[in-house]
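The next block holds one structure in the form of structure tokens; read it before the comments.
Chains as they are written, first to last, in full-length UniProt numbering: chain A, 1 to 757; chain B, 1 to 225.
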């Protein structure tokens with residue numbers, strides 16, 4: 001045991017006291033491992049960040065379903081939802097009903113009518129020049145800020161404002177803040193996306209870490225040979241190598257810790273404000289952090305020992321067993337086949353799966369992607385052994401790869417795994433997005449904004465409508481009234497009354513004039529015939545109070561939105577419902593001046609004054625689930641970080657190779673070898689494995705994507721543009737990396753670099 | 001008789017260290033010239049300047065009447081491909097190429113087709129008695145065999161000057177003798193001049209003329225052999 005310790009510590013000493021080259025190698029390893037560790041620690045913080053955020057959001061959530069009597073301990077609330085230049089703003093109007101009315105978390109005092117406490121980000125926005133147009137939207141007087149306990153994250157735009165106008169009808173009553181039930185369950189498909197994303201982004205990082213610990217291994221091997229010369233045996237040499245690697249890994253952990261702290265400071269500001277987090281939340285889950293701290297050094301030592309298997313360190317030098325022993329395929333297939341076996345049951349769709357499918361998916365995806373890393377060396381070797389011919393640059397590159405493709409493959413396996421994973425994830429994302437994206441079918445050429453007002457008097461001749469119409473940037477205002485239409489069999493339909501432009505927001509109405517009536521068709525829409533008499537009611541809860549007969553000439557129109565197929569809708573112009581007393585309209589459609597970029601914000605200001613609970617949203621051609629947008633952003637950020645990481649690793653690898661071969665390069669230059677030939681040779685040496693890696697990655701990624709799409713019950717489709725973009729970006733990284741090594745190559749082939757010859 | 005290769009007052013420094021200090025030398029066509037001197041005297045630097053690998057700080061190097069020092073890097077590279085050959089101490093063969101491909105490399109770089117290059121290379125391997133390692137990689141050949149392959153590589157383009165820097169420095173005396181015998185005989189057959197850097201008298205004995213380099217200066221001595 002003592003001998004072990006002595007040998008390990010000798011390795012430690014060698015790694016720090018081996019001169020400039022040892023220190024440089026140690027620095028490379030620690031930076032490389034550090035980058036990987038930082039990413040792993042970052043991933044380990046995600047659960048903590050999410051759970052802290054959820055806890056605070058849960059603490060301010062309220063149960064709206066309670067039917068409470070007014071009391072000393074109750075408070076009336078009204079949700080306020082708004083936007084400012086694309087940024088979401090949420091808040092509550094608060095009206096305390098007694099001395100013991102609860103305070104929302106993060107708020108320290110009761111708010112008088114008009115007084116507002118805003119999140120720090122909201123206050124900054126209101127105080128800023130940019131926020132000038134937002135100031136006064138709710139007639140607020142900002143009297144303080146909300147503490148961290150009441151906010152999801154520091155970037156959130158959130159507020160509470162005191163009111164004295166809330167009633168039981170307009171608001172709802174609660175006795176306390178805090179609703180643990182608010183944490184929403186994640187739909188299985190989104191969970192699938194999440195777990196696949198996690199594996200796809202983290203696996204290449206692990207591969208990168210194992211590559212990083214082998215930075216500069218050739219000079220380390222020479223050092224070990226010198227030790228053999230002075231009497232160290234093979235086993236001792238391995239232990240010394242382990243000690244040396246341990247230093248790199250431990251320093252890598254420390255460097256990673258520093259990177260992680262820096263990353264935390266940056267990431268808090270870089271993420272979208274809805275997902276911002278407090279520095280205090282940015283703590284890795286202890287168990288996961290412990291795993292990183294233990295696994296990184298252990299895997300570093302294992303990788304070093306495994307690398308030494310192919311190297312015979314002799315007293316007079318190092319021999320690499322790279323000769324004619326060909327790589328075997330069979331054992332490399334075991335892991336990907338096992339991965340496929342785990343993923344296969346998913347082709348029936350997630351609905352058929354029991355809970356806990358995520359572990360099965362994670363394992364299946366991880367095994368399949370590790371399979372890419374295992375298959376790539378075999379594929380490169382099998383292919384390059386069949387290559388021949390070509391010019392000198394090609395021949396030099398091919399022969400080099402035939403002799404030793406391991407180094408080149410190590411450099412590209414990370415990129416192959418990343419590309420395979422990202423392609424699969426992108427395929428799944430596109431398919432899921434198709435499921436979660438609604439083609440609203442809205443016609444945007446007439447109206448560009450819509451607001452649902454509950455509390456305002458929208459009498460066309462009233463002051464509220466006059467205010468809306470006179471808002472600068474508002475060109476026209478259309479309204480839609482709503483009635484419940486009950487057919488003779490007791491079935492309920494919706495009757496929308498509005499001018500033709502408004503009706504086009506609900507059905508694909510082509511020709512239209514006042515007096516026309518349309519029935520929106522759909523899978524679940526009941527059949528209606530002209531002459532049917534409907535009872536009309538003003539709400540779902542009221543009984544019909546008047547009758548209306550569907551006139552002749554009613555025309556069927558398809559819905560603009562699949563969502564509207566759920567029930568029957570009759571669209572009527574005012575001329576078709578003459579004699580019917582229609583309630584005041586609630587939906588306001590607004591045409592905005594397209595040249596006035598602030599028109600929407602002015603409209604929001606006016607609407608907030610008329611009805612603070614109304615939400616003004618743009619009429620959109622399509623809506624995408626926000627979480628998918630975030631996931632796509634996350635994938636983009638993750639994939640970019642990954643490619644940069646791998647690019648850095650490749651750069652180090654190629655530079656190291658060039659340095660190792662400087663003597664040979666010198667000789668080639670002495671022969672009169674053109675610089676272009678050497679450059680071409682380096683390019684081919686990188687490009688051949690990368691090309692093969694990308695082929696393997698595209699094949700695996702599309703296959704995996706197809707399985708995951710089936711799992712998500714989505715039709716299998718291949719996003720060729722995404723595949724092309726991902727592969728192209730990877731190829732670009734490789735090209736840029738190689739180009740970045742050219743100055744070194746040129747320096748090494750300059751006369752000054754040859755003087756050792 | 002006009003010299004084929006000359007160095008006139010060549011100086012070269014590595015930073016503050018003066019490696020060559022007004023060194024002058026003449027090399028005639030077909031002769032074998034040994035550059036001798038202690039370690040660090042500047043012999044290898046002089047060889048690199050003569051071969052157009054290093055550009056002197058001052059002075060002139062001419063080959064066949066052309067000023068090498070004034071040539072562009074591309075032109076000097078072309079000269080090294082066509083008119084010069086090189087043998088280094090450790091052979092410096094490209095490890096991933098077979099011995100035959102190594103010998104063919106200068107021809108390929110000069111634009112000769114693969115088949116023709118390999119045919120000519122095989123002849124040279126035969127002549128240097130290493131045809132049996134043609135298909136092997138340098139790592140699979142012995143040191144002596146590897147050095148003979150390196151000599152074949154230097155001669156295959158039929159250069160007019162061969163620069164040899166301690167060509168037997170890594171070999172035992174028996175192997176070194178054999179390599180020198182074959183090398184010098186082949187060079188004389190092709191009419192190439194040889195500039196031989198060595199510190200071994202027995203290697204220098206193969207030369208027609210010796211020049212001693214000391215402290216960056218050259219003192220020539222002529223021998224009638």
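A virtual CB, placed ideally from N, CA and C, is assigned to each residue, including glycine.
What are the boundary residues of the alpha helix (DSSP H) that includes residue i?
| i | result |
| --- | --- |
| residue 334 (chain A) | 330 to 343 |
| residue 465 (chain A) | 463 to 469 |
| residue 48 (chain B) | 43 to 50 |
| residue 188 (chain B) | 173 to 190 |
| residue 548 (chain A) | Per DSSP, residue 548 (chain A) belongs to no alpha helix (DSSP H); it is in the beta strand (DSSP E), 546 to 549. |
| residue 726 (chain A) | 720 to 748 |
| residue 535 (chain A) | Premise fails: residue 535 (chain A) lies in the beta strand (DSSP E), 533 to 537, not in any alpha helix (DSSP H). |
Enumerate in chain order the residues of its own chain whose CB-to-CB distance from residue i is below 6 Å, with the five nearest sequence positions on each side excluded.
| i | result |
| --- | --- |
| residue 59 (chain A) | 105 and 178 |
| residue 494 (chain A) | 569 |
| residue 480 (chain A) | 496, 498, 502, 585 and 587 |
| residue 240 (chain A) | 7, 10 and 11 |
| residue 45 (chain B) | 12, 19 and 20 |
Can you give me the Cβ contacts of residue i inside the same chain, cut-off strictly under 8 Å, excluding the 5 residues immediately before and after it?
| i | result |
| --- | --- |
| residue 123 (chain B) | none |
| residue 349 (chain A) | 710, 711, 712 and 713 |
| residue 538 (chain A) | 483, 484, 545 and 583 |
| residue 37 (chain A) | 209, 252, 253, 255, 256, 257, 259, 260, 292 and 296 |
| residue 192 (chain B) | 30, 85, 155, 158, 159, 160, 161 and 162 |
Work out the CA separation of residue j and residue i for me, nearest whole Å.
| i | j | result |
| --- | --- | --- |
| residue 223 (chain A) | residue 673 (chain A) | 31 Å |
| residue 107 (chain B) | residue 196 (chain A) | 54 Å |
| residue 140 (chain B) | residue 410 (chain A) | 26 Å |
| residue 519 (chain A) | residue 714 (chain A) | 31 Å |
| residue 6 (chain A) | residue 416 (chain A) | 40 Å |
| residue 720 (chain A) | residue 698 (chain A) | 10 Å |
| residue 682 (chain A) | residue 237 (chain A) | 33 Å |
| residue 464 (chain A) | residue 166 (chain A) | 19 Å |
| residue 548 (chain A) | residue 132 (chain A) | 49 Å |
| residue 104 (chain B) | residue 651 (chain A) | 31 Å |
| residue 756 (chain A) | residue 168 (chain B) | In this prediction, residue 756 (chain A) scores a pLDDT of 49, lower than 50, which makes its location untrustworthy; no coordinate-derived value is stated. |
| residue 56 (chain B) | residue 49 (chain B) | 6 Å |
| residue 158 (chain A) | residue 617 (chain A) | 18 Å |
| residue 383 (chain A) | residue 632 (chain A) | 35 Å |
| residue 403 (chain A) | residue 109 (chain B) | 21 Å |
If you drop the 5 nearest sequence neighbours on each side, which residues of the same chain put their C-beta closer than 7 Å to that of residue i?
| i | result |
| --- | --- |
| residue 729 (chain A) | 643 |
| residue 80 (chain B) | 51 and 52 |
| residue 81 (chain A) | 90 and 615 |
| residue 338 (chain A) | 367 |
| residue 606 (chain A) | 467, 468 and 471 |
| residue 748 (chain A) | 658, 662 and 665 |
| residue 30 (chain A) | 248, 251, 252 and 255 |
Starting from the beta carbon of residue i, find every residue of chain B whose beta carbon is closer than 9 Å, and list them in chain order.
| i | result |
| --- | --- |
| residue 670 (chain A) | 48, 51, 53, 80, 84, 86, 88, 92 and 163 |
| residue 662 (chain A) | By Cβ distance, chain B contributes nothing, its closest Cβ being about 11 Å from residue 662 (chain A), past 9 Å. |
| residue 402 (chain A) | 96 |
| residue 677 (chain A) | 109 |
| residue 396 (chain A) | 94, 96, 97 and 105 |
| residue 327 (chain A) | The contacting residues do not exist; residue 327 (chain A) stays about 17 Å from chain B at best. |
If the cut is a Cβ gap below 7 Å, which residues of chain A does residue i touch?
| i | result |
| --- | --- |
| residue 108 (chain B) | 392 |
Return the first residue and the last residue of the beta strand (DSSP E) that residue i is part of.
| i | result |
| --- | --- |
| residue 162 (chain B) | 161 to 165 |
| residue 576 (chain A) | Note, residue 576 (chain A): premise wrong, no beta strand (DSSP E); not H, not E. |
List the residues of chain A that residue i touches, going by C-beta distances under 8 Å, in chain order.
| i | result |
| --- | --- |
| residue 58 (chain B) | Ordered by position in chain A, no residue passes the 8 Å Cβ test against residue 58 (chain B), which lies about 15 Å from the chain. |
Can you pull the chain A neighbours of residue i, defined as C-beta to C-beta under 9 Å?
| i | result |
| --- | --- |
| residue 77 (chain B) | 669, 671, 672, 673, 674 and 675 |
Quick one: does the C-beta of residue i sit closer than 7 Å to a heavy atom of the ligand FMN?
| i | result |
| --- | --- |
| residue 159 (chain A) | By its list of ligands, the structure shown contains no ligand whatsoever, and the ligand FMN lies outside what it can speak to. |
4 or more residues per run - each alpha helix (DSSP H) lying fully within the stretch 67 to 91 of chain A: none
Runs of beta strand (DSSP E) lying entirely within the stretch 56 to 120 of chain B, each at least 3 residues, in chain order: 58 to 63 and 84 to 87
Sequence ranges, alpha helix (DSSP H) only - wholly within the stretch 380 to 405 of chain A, length at least 4: 392 to 403
Completely contained beta strand (DSSP E) runs for the stretch 120 to 168 of chain A, where each covers 3 or more residues: 141 to 145 and 158 to 162
Beta strand (DSSP E) segments (min. 3 residues) lying fully within the stretch 589 to 660 of chain A: 615 to 618
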